[in-house]
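Remarks on the structure that follows.
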Amino acid sequence: MQNYQSTIKVVGGHLRQQFDKLLLAESPRPKIQPVTIKTKMPLFQIQYFVKQAIEKKMNVKIQMIPLTDAGQVENAKGVLKIIAPNKIMLKSNNSLRYVVSYDQIRFIEQA
């Protein structure tokens, strides 16, 4: 019985070491690039650029305003499409889709 308990302690200690090594190891983490917050464009200018981008089928880069105060400003690149009178869909290059309204766009530019 005593031999069995010492074996459990050895195995338990080994498992704890491996677990600590796995979770506490210095792993290469992707570097997060800071987002440069751009000045908000006027609504008429955003609407004009969206219209031009759709007509010319341009790749654009938009900076979106977060929906909440705790949210993060986000940049996205892709092609725009109007799906409703005040709703725009941005299909990004990695197949993500964003649905935004004109007032959620902070800045738009050609990518």
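My numbering applies: residue 24 is where the sequence shown begins, and numbers increase by one. Ideal Cβ positions, reconstructed from N, Cα and C, are used throughout, including at glycine.
Euclidean distance between Cα positions of residue i and residue j
i, j, result
"residue 134", "residue 98", "11 Å"
"residue 132", "residue 93", "25 Å"
"residue 71", "residue 119", "24 Å"
"residue 89", "residue 76", "23 Å"
"residue 135", "residue 122", "Nothing about residue 135 can be read from this structure; the chain reaches only from 24 to 134."
"residue 111", "residue 43", "47 Å"
"residue 33", "residue 41", "12 Å"
"residue 91", "residue 45", "36 Å"
Closest Cα partner of residue i within the set the options
i, options, result
"residue 126", "64, 47 and 113", "64"
"residue 117", "30, 60, 95 and 82", "82"
"residue 109", "45, 30, 66 and 37", "66"
"residue 128", "33, 62 and 39", "62"
"residue 86", "35, 45, 58 and 31", "58"
Rounded Cβ spacing between residue i and residue j (contact assumed at less than 8 Å)
i, j, result
"residue 115", "residue 104", "That pair is no contact at about 12 Å."
"residue 84", "residue 102", "Not confirmed; about 11 Å, so no contact."
Contact set for residue i: own chain, Cβ-Cβ below 6 Å, skip 5 residues either direction
i, result
"residue 74", "none"
"residue 29", "none"
"residue 113", "99, 101, 103 and 121"
Neighbourhood of residue i by C-beta distance below 8 Å, restricted to the same chain and skipping five residues each side
i, result
"residue 96", "58, 60, 86, 87, 88, 89 and 129"
"residue 107", "none"
Same chain, Cβ closer than 7 Å to residue i, neighbours up to 5 away in sequence not counted
i, result
"residue 38", "none"
- Task: Let me know the beta strand (DSSP E) ranges lying completely inside the segment 84 to 118, each 3 residues or longer, listed in chain order.
- Result: Complete beta strand (DSSP E) runs here, min 3: 97 to 107 and 110 to 115.
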